[in-house]
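K.L.:
Residue numbers (the working numbering): 5 to 238.
A virtual CB, placed ideally from N, CA and C, is assigned to each residue, including glycine.
Everything numeric in this text was worked out from a predicted model, so none of it was measured.
Provided herewith is a single structure, encoded as structure tokens, for subsequent inquiry.
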């Protein structure tokens, strides 16, 4: 009976699992069993991650209070809300990958605030998205990825001339280093998926998203109202 239930649960993802080479029903059942076991491991890390996340957020709040005005704190709150919504509600979630436009808000945030504030805010938005709009098992590694994405964008965009070079370098590090490399590591730890099919399936997406994300960020900063707003609040 348990095998039948598990088979029903995974029947909707047959095509996606076939891409990973999981054609056999018995293999698919084993895959789901590993996923359930991984949920327990993820729960074990959740408490530690919560403490780390709160420390990061507290650091960001302290920095904000020391360096920013009230309107900037308000703006940061609005950006975190937008980042949470775009990253959770308005995103395409697949079995092993996720296409989100929250990077646009991260880029704007990175040009306005320091790298550490952007990083802590991105981590907070990720946690809020998982709490308010849960879709899959919580895993603390993705919070770390969100933090590092904000940090990379912050170092590349804050008080820097927003040209092709720094935009391309930042997006290359984020897409190929963090999304492809680090997130693949988290998925491997969660579901014990073999490296080759995992990286192959995700590499195709990142090869597409890298130029698309780069062009969109360049066009974003060329919009006059965006430039005016950034100059006003910077």
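Please return the same chain residues whose Cβ sits closer than 7 Å to the Cβ of residue 119, not counting the five positions on each side in sequence.
P.N.:
Numbered from its first residue, the chain shown carries residue 119 at position 115. Cβ neighbours of residue 119 beyond the five flanking positions: 155, 158, 159, 162.
K.L.:
Shorter than 6 Å, the distance from the beta carbon of residue 230 to the closest heavy atom of the ligand COA, or not?
P.N.:
This structure lacks the ligand COA, and indeed carries no ligand of any kind.
K.L.:
Leaving out five residues on either side along the sequence, give the residues of the same chain with a beta carbon under 7 Å from the beta carbon of residue 85.
P.N.:
As a working mapping, residue 85 is identified with position 81 in the chain shown. Contacts found: none.
K.L.:
Please state whether the Cβ-Cβ distance between residue 145 and residue 88 is less than 7 Å.
P.N.:
Locating residue 145 in the chain shown gives position 141, counting from the first residue. Locating residue 88 in the chain shown gives position 84, counting from the first residue. For residue 145 and residue 88, no; Cβs fall outside 7 Å.
K.L.:
Return the residue from the list 105, 83, 171 that minimises the CA-CA distance to residue 93.
P.N.:
As a position in the chain shown, residue 93 is number 89, starting the count at 1. Closest option to residue 93, Cα to Cα, is 105.
K.L.:
Taking the alpha-carbon positions, what's the residue 213 to residue 179 distance?
P.N.:
Residue mapping note: residue 213 aligns to position 209 of the chain shown, counting from 1. Residue mapping note: residue 179 aligns to position 175 of the chain shown, counting from 1. The alpha-carbon atoms of residue 213 and residue 179 are separated by roughly 8 Å.
K.L.:
Comparing alpha-carbon positions, which option in 153, 117, 168 lies nearest residue 221?
P.N.:
Counted from its first residue, the chain shown places residue 221 at position 217. The shortest Cα separation from residue 221 among 153, 117, 168 belongs to 168.
K.L.:
Please state if the CB of residue 153 and the CB of residue 193 are separated by a distance shorter than 7 Å.
P.N.:
On the chain shown, position 189 is the one that residue 193 refers to. On the chain shown, position 149 is the one that residue 153 refers to. No, these two residues do not count as a Cβ contact at 7 Å.
K.L.:
Grouping DSSP H, G and I as helix and E and B as strand, with all else coil, what is residue 162?
P.N.:
What you label residue 162 is simply residue 158 of the chain shown in a count that begins at 1. The answer is coil: DSSP assigns residue 162 none of H, G, I, E or B.
K.L.:
Could you tell me the alpha carbon to alpha carbon distance between residue 140 and residue 191, rounded to whole angstroms?
P.N.:
Along the chain shown, read from residue 1 onward, the residue named residue 140 stands at position 136. Along the chain shown, read from residue 1 onward, the residue named residue 191 stands at position 187. Straight-line Cα distance between these residues: approximately 12 Å.
K.L.:
Can you check which of these residues, 137, 171, 143, is closest to residue 4 by C-alpha distance?
P.N.:
A question about residue 4 goes unanswered here, because the residues of the chain that appear run from 5 up to 238.
K.L.:
For residue 114 versus residue 122, is the C-beta spacing smaller than 7 Å?
P.N.:
On the chain shown, position 110 is the one that residue 114 refers to. On the chain shown, position 118 is the one that residue 122 refers to. In this structure, residue 122 lies closer than 7 Å to residue 114 by Cβ.
K.L.:
Starting from residue 121, trace the alpha helix (DSSP H) in both directions and tell me its first and last residue.
P.N.:
To locate residue 121, count along the chain shown from 1; it is residue 117. 119 to 136 is the span of the alpha helix (DSSP H), which, as asked, contains residue 121.
K.L.:
Under the rule that 16 or more other beta-carbon atoms within 10 Å means buried, what is residue 166, buried or exposed?
P.N.:
Counting from 1 along the chain shown, the entry for residue 166 is found at position 162. Buried: at least 16 other Cβ atoms inside 10 Å.
K.L.:
Is the separation between the beta-carbon of residue 232 and that of residue 186 shorter than 7 Å?
P.N.:
Translated into positions along the chain shown, residue 232 becomes position 228. Translated into positions along the chain shown, residue 186 becomes position 182. No.
K.L.:
Could you pull out every residue in the same chain whose Cβ sits closer than 8 Å to the Cβ of residue 90, ignoring the five residues on either side in sequence?
P.N.:
Within the chain shown, residue 90 is the residue found at index 86, counting from 1. Taken in chain order, the residues that qualify are 104, 105, 106, 108, 109.
K.L.:
Does residue 138 get closer than 7 Å to chain C when you measure Cβ to Cβ?
P.N.:
Absent here is chain C; the protein component of the structure consists of one chain.
K.L.:
Indicate whether residue 151 and residue 127 have their beta-carbon atoms separated by less than 7 Å.
P.N.:
Counted from its first residue, the chain shown places residue 151 at position 147. Counted from its first residue, the chain shown places residue 127 at position 123. A contact, by the Cβ cut-off of 7 Å.
K.L.:
Quick one: Cα of residue 117 to Cα of residue 223, how far?
P.N.:
As a working note, residue 117 is residue 113 in the chain shown. As a working note, residue 223 is residue 219 in the chain shown. Residue 117 and residue 223: Cα-Cα distance of roughly 20 Å.
K.L.:
Using only CA atoms, which one of 74, 81, 112, 82 lies nearest to residue 234?
P.N.:
Numbered from 1 along the chain shown, position 230 holds the residue referred to as residue 234. Ranking 74, 81, 112, 82 by Cα distance to residue 234 puts 112 first.
K.L.:
Among the candidates 229, 147, 78, whose CA atom is the shortest distance from the CA of residue 124?
P.N.:
Working through the chain shown from its first residue, we reach residue 124 at position 120. Checked all of 229, 147, 78; the closest Cα to residue 124 is 147.
K.L.:
Would you report the Cα separation of residue 218 and residue 206, rounded to the nearest angstrom?
P.N.:
For the purposes of this step, residue 218 is taken as residue 214 along the chain shown, with counting starting at 1. For the purposes of this step, residue 206 is taken as residue 202 along the chain shown, with counting starting at 1. Answer to the nearest angstrom: the Cα atoms are 18 Å apart.
K.L.:
Given that a residue counts as buried once 16 or more other Cβ atoms are within 10 Å of its Cβ, and exposed if not, what is residue 41?
P.N.:
Taking the chain shown and counting its residues from 1, one reaches residue 41 at position 37. Low confidence applies here, because residue 41 scores a pLDDT of 45, under 50, leaving its location unreliable; read the following figure in that light. Burial call: exposed.
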